[in-house]
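Here is the structure we will look at.
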Amino acid sequence: MAARNRGVAGSTPTPGGVTGGSPVMSAVAPRRVARKATRRAPLAGWLMLAPAVAAYGFFVIYPFALGVQYSFYDWNGVGASTWVGFQNYLRVFTDAEMLGSIRNALVLIIFFTVIPVSVGLVLATLIRNIRAGVFSTVSQTILFLPQIIPLAAAGIAWSWMYAQTGTVNQILSTIGLGGITRPWLAEYGFALPAVGLIGSWVLTGLCTVLLLTGIGKIDTALYEAIRLDGAGWFREFITITVPGLRQQIAILVTLTVIAALSSFDIIYTTTRGGPGRETLVPGLSIFRIGFTQSDVGLASAFGIVLMILVLIVVVPLQRLSRESK
Amino acid sequence: MIGSRREAILGRLVLIVVLIVTILPLVSMLSAALQPADRNPIGLTWPSDPQWINFVTAFETGNVLKLMMSSVVIVLIVVPASVIIATMAGYALGNLRIPGNRFILLAFVVGLTIPFESLIIPIYYQMQSLGLLNTPWSVGLALIGLFMPFSVAWMRAHFVGVPVELSEAARVDGATVWQEFRRVQLPLAGPAISALSILLFLWTWNQFILPVVLIQDPLDRTVAGALTFFQGQYYASIPLLNAGALIIITPAIIVFLIFQRQFIRALLQGAVKG
């Protein structure tokens with residue numbers, strides 16, 4: 000995913016990836032013929048794998064190693080570098096600006112993950128019986144539009160929406176809330192939620208459609224049974240819908256949390272971290288420290304920290320979704 | 000029965016609200032783009048005298064044609080190479096027994112979680128030392144590597160799902176691994192390959208941070224990366240900025256509307272498998 004890098008940026012972990020192979024392989028194992036034949040393939044196999052491993056190694060593993068190396072030096076990108084040990088990491092965890100950007104990224108999880116998944120769940124439950132037709136096709140198309148346009152364009156669209164004379168304030172004035180209009184992206188206390196809601200806008204459609212396909216696979220007999228029991232909407236939701244969608248929810252949470260922690264595109268085209276440091280996020284912080292302040296070591300250290308942060312959030316989620324299988 | 004009927008009506012209402020909110024920013028862009036270029040636009044209005052000329056102005060002064068060409072070049076570097084490389088690797092990891100394949104698979108899977116922001120600094124210096132900065136190759140090669148975990152996982156998931164009997168039959172007939180791959184497996188992989196191509200096209204076309212960092216001249220970037228150039232150029236004219244941004248997102252939307260079904264399926268599967 001991709002989320003959207005991503006777009007949703009593009010890349011996300013494979014829930015079935017690691018485990019998916021083993022049942023297949025063990026199913027193959029007893030078949031003598033197949034096993035014998037596959038064993039003879041190491042050379043051809045390696046030749047087929049080599050380009051992928053080379054591309055990955057050269058443009059992901061190597062830069063990663065380079066980043067780790069830089070993170071232990073004080074280097075301005077041009078001149079000589081000095082070994083500083085763990086000092087850069089220490090600065091990441093003590094500097095108010097960088098800590099603030101991590102905190103902002105965690106706040107964004109509310110808008111990138113909690114809101115889209117909740118709205119998606121409610122909506123998918125309510126329209127689960129919708130018949131396939133023109134209306135549902137058109138809805139699906141519209142819900143997917145935010146996935147198609149670049150996040151940077153979403154940033155531009157919403158900068159205008161939130162402007163003093165923009166659509167948001169216009170609507171507020173129309174419904175009699177003219178008193179609270181303001182340039183949303185420029186005000187302390189409002190800029191971060193405003194930027195967060197752009198993320199909600201991008202991700203809600205994807206969440207809804209994915210949950211809708213998941214809900215279609217839940218046995219309708221379960222719903223009939225609980226209705227006969229006299230259960231209400233809420234109990235039905237908690238006892239059947241949510242457990243039935245556990246895997247989809249785990250996937251969406253993983254995907255959207257990664258999007259929240261790497262929200263460079265939207266921030267860069269809307270607020271550039273402002274006002275002050277209100278909307279500074281790790282991606283933008285790395286960009287600034289590395290290229291504007293030319294502190295390559297510190298920026299690299301922050302990059303590694305961001306990577307670890309994502310893993311800390313994602314790995315437990317993968318465990319959870321695997322258990323639910 | 001009555002309960003579920005009320006539920007259905009409520010559901011449609013909520014859906015309609017969500018749909019309106021989804022489309023509002025795009026309509027709002029159009030509204031701004033059609034207002035006089037030299038004035039600050041006002042909210043959502045259908046202007047009495049729509050300035051379609053803004054699109055012409057933005058297209059010309061924004062060098063949109065050149066931008067699109069740069070994007071196409073980068074897409075052509077990334078998509079075909081990634082698809083070919085990943086298809087071979089996906090087959091090898093999904094169907095063959097190779098010493099160390101589990102370790103390699105794990106290495107790719109971990110790569111799925113890496114935010115591009117984390118690697119942007121070292122990639123910049125890597126491209127600098129390769130002398131590729133400010134060329135489409137810098138973005139193209141980096142993206143081939145960065146998309147590789149997803150591409151390989153995607154193709155492997157396809158090949159794992161192909162019934163074993165097929166490859167057994169091929170082997171009984173005496174086909175070598177390469178013959179089996181080309182004559183039996185590849186023809187069956189069409190849908191998986193086209194879906195992967197769609198996703199990679201979209202992600203490359205919309206890629207932002209790499210072109211912004213690696214290519215200094217905005218005209219050589221991907222269209223998405225060039226949006227910052229528009230922001231700089233049209234900071235004084237919101238109508239022109241929105242017109243330019245609309246022009247830039249239109250090709251992707253047109254392609255989406257044509258291949259809608261494939262797109263949605265690819266994106267959904269991409270989310271699940273990815």
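Heads up: the sequence lines are chains A and B, in that order. Using numbering that gives the first Met the number 0, the first residue of the first sequence is number 0, and each one after it goes up by one. Using numbering that gives the first Met the number 0, the first residue of the second sequence is number 0, and each one after it goes up by one. Quick reminder that beta carbons are idealized off the backbone N, C-alpha and C, glycines included.
Cβ distance (whole Å) where A:Ile-257 is taken to contact A:Leu-283 below 8 Å:
For a cut-off of 8 Å, the C-beta gap from A:Ile-257 to A:Leu-283 is around 16 Å, too long to register as a contact.
Return the CA-CA distance between A:Val-309 and A:Leu-98, expressed in angstroms with no decimal places.
Distance between the alpha carbons of A:Val-309 and A:Leu-98 is about 15 Å.
At a Cβ threshold of 8 Å, is B:Ser-27 touching chain A?
Taking Cβ atoms only, chain A reaches closer than 8 Å to B:Ser-27, which makes this a yes.
For the stretch 116-128 of chain B, which residues have a beta carbon sitting closer than 8 Å to at least one beta carbon of chain A?
Answer in chain order: Glu-116, Ser-117, Leu-118, Ile-119, Ile-120, Pro-121, Ile-122, Tyr-123, Tyr-124 and Gln-125.
Per DSSP, which residues does A:Tyr-72 bridge with? Please list them.
Per DSSP, the beta bridge partners of A:Tyr-72 are A:Trp-82.
Given that B:Glu-59 touches chain A, what residues does it touch there, using C-beta distances under 7 Å?
Listed along the chain, the chain A residues whose CB falls inside 7 Å of the CB of B:Glu-59 amount to none; the nearest CB is some 19 Å away.
Using a 10 Å radius around the Cβ and a threshold of 16 neighbouring Cβ atoms, would you call A:Ser-10 buried or exposed?
Only weak support exists for where A:Ser-10 lies, its pLDDT of 36 falling under 50; the coordinates are left without a value.
If A:Arg-262 sits next to A:Gly-188, beta carbons under 8 Å apart, how far is it from one beta carbon to the other, in whole angstroms?
For the record, residue 262 of chain A in the displayed sequence is Ser; it is not Arg. The pair is not a contact, with the Cβ atoms about 19 Å apart (cut-off 8 Å).
Would you verify that the beta carbon of B:Met-68 is, or is not, closer than 8 Å to some beta carbon of chain A?
Against chain A, the CB of B:Met-68 has no partner CB under 8 Å away; the residue lies outside that interface.
Since A:Ser-172 is in the alpha helix (DSSP H), which residue starts that stretch and which ends it?
Residues 166-173.
Check distances from the C-beta atoms of the stretch 289-309 of chain A to those of chain B and list, in chain order, the residues that come in under 8 Å.
Residues of the stretch 289-309 of chain A whose Cβ lies closer than 8 Å to any Cβ of chain B, in chain order: Gly-289, Phe-290, Val-295, Ala-298, Ser-299, Gly-302, Ile-303, Leu-305, Met-306 and Val-309.
What residues from the stretch 11-39 of chain B come within 8 Å of chain A, judged by C-beta to C-beta, listed N to C?
Within the stretch 11-39 of chain B, those residues whose Cβ lies closer than 8 Å to any Cβ of chain A are, in chain order, Arg-11, Val-13, Leu-14, Val-17, Leu-18, Val-20, Thr-21, Ile-22, Leu-23, Pro-24, Leu-25, Ser-27, Met-28, Ser-30, Ala-31 and Asn-39.
Could you spell out the range, first to last residue, of the alpha helix (DSSP H) harbouring B:Val-204?
Looking at the sequence shown, residue 204 of chain B is not Val but Trp. Taken as a continuous stretch (DSSP letters only), the alpha helix (DSSP H) holding B:Trp-204 covers 189-204.
Within the chosen definition, does the stretch 61-78 of chain B reach the stretch 184-200 of chain B through at least 3 CB pairs nearer than 8 Å?
Taking one beta carbon from each stretch, the stretch 61-78 of chain B and the stretch 184-200 of chain B have 3 or more pairs nearer than 8 Å; the two touch.
Note down, one range per segment and in chain order, each alpha helix (DSSP H) of at least 4 residues found wholly within the stretch 43-102 of chain B.
Fully enclosed alpha helix (DSSP H) runs of 4 or longer: 52-60 and 63-94.
With a threshold of 16 other CB atoms inside 10 Å of the CB of A:Pro-242, please say whether the residue is buried or exposed.
Counting Cβ neighbours within 10 Å, A:Pro-242 comes out exposed, since fewer than 16 surround it.
Determine the direct distance from the alpha carbon of B:Ser-70 to that of B:Phe-207, and round the result to whole angstroms.
The alpha-carbon atoms of B:Phe-207 and B:Ser-70 are separated by roughly 11 Å.
Quick one, which of A:Ala-300, A:Pro-315 and A:Ile-307 has its alpha-carbon nearest A:Val-83's?
Put simply, of A:Ala-300, A:Pro-315 and A:Ile-307 the residue whose alpha carbon is nearest the alpha carbon of A:Val-83 is A:Ala-300.
Rounded to whole angstroms, what is the Cα-Cα separation between B:Arg-11 and A:Val-304?
Roughly 44 Å separates the two Cα atoms.
Flag A:Gln-86 as yes if its beta-carbon sits less than 8 Å from any beta-carbon of chain B, otherwise no.
So no, A:Gln-86 is outside the interface.
Beta-carbon of A:Val-313 versus every beta-carbon of chain B: anything under 8 Å?
At least one chain B Cβ lies under 8 Å of A:Val-313.
Taking B:Phe-180 as the reference, which of A:Met-47, A:Asn-168 and A:Pro-315 has the closest Cα?
The shortest Cα separation from B:Phe-180 among A:Met-47, A:Asn-168 and A:Pro-315 belongs to A:Met-47.
Can you give me the C-alpha to C-alpha distance between B:Ser-150 and B:Asp-48, rounded to a whole angstrom?
Taken atom to atom, the span from the alpha-carbon of B:Ser-150 to that of B:Asp-48 is near 48 Å.
Within 8 Å (strictly less), CB to CB, does B:Val-271 reach chain A?
Yes - at least one Cβ of chain A is within 8 Å of the one on B:Val-271.
Below-8 Å beta-carbon distance, A:Val-326 vs any chain B residue:
In the structure as shown, chain A begins at 0 and stops at 324. Residue 326 of chain A is therefore absent and cannot be evaluated.
Pull up the distance between the alpha-carbon of A:Thr-166 and that of A:Met-160, whole angstroms please.
A:Thr-166 and A:Met-160 have their C-alpha atoms spaced approximately 5 Å apart.
Hey, A:Leu-279 and A:Ser-80 are a contact pair by Cβ (cut 8 Å); roughly how many whole angstroms apart?
The C-beta distance from A:Leu-279 to A:Ser-80 rounds to 26 Å, too long to fall under 8 Å, and the pair is not in contact.
Does the ligand ADP have even one heavy atom less than 7 Å from the beta-carbon of A:Ser-172?
The ligand ADP is not part of this structure, which contains no ligands at all.
Where does B:Gln-261 fall in DSSP's three states?
Here B:Gln-261 sits in helix by DSSP.
Straight-line Cα distance separating A:Leu-251 from A:Asp-73:
Going by C-alpha positions, A:Asp-73 is about 39 Å away from A:Leu-251.
Report all residues from its chain with a CB closer than 6 Å to the CB of B:Ala-225; omit the five preceding and five following residues, and keep chain order.
The residues are Leu-66 and Pro-217.
Quick one: grab the DSSP three-state call for A:Ser-299.
Helix, per DSSP.
Indicate whether B:Ala-223 and A:Pro-145 have their beta-carbon atoms separated by less than 8 Å.
No, the pair does not count as a contact, with Cβ atoms beyond the cut-off.
Quick check on A:Val-59 - is its C-beta less than 8 Å from some C-beta in chain B?
It does; some Cβ of chain B falls within 8 Å.
Is A:Ser-293 helix, strand or coil by DSSP?
Coil, per DSSP.
8 Å contact criterion, which A:Phe-286 and A:Gly-195 should meet: CB distance rounded:
Their Cβ separation, rounded to whole angstroms, is 20 Å, which puts A:Phe-286 and A:Gly-195 out of contact at 8 Å.
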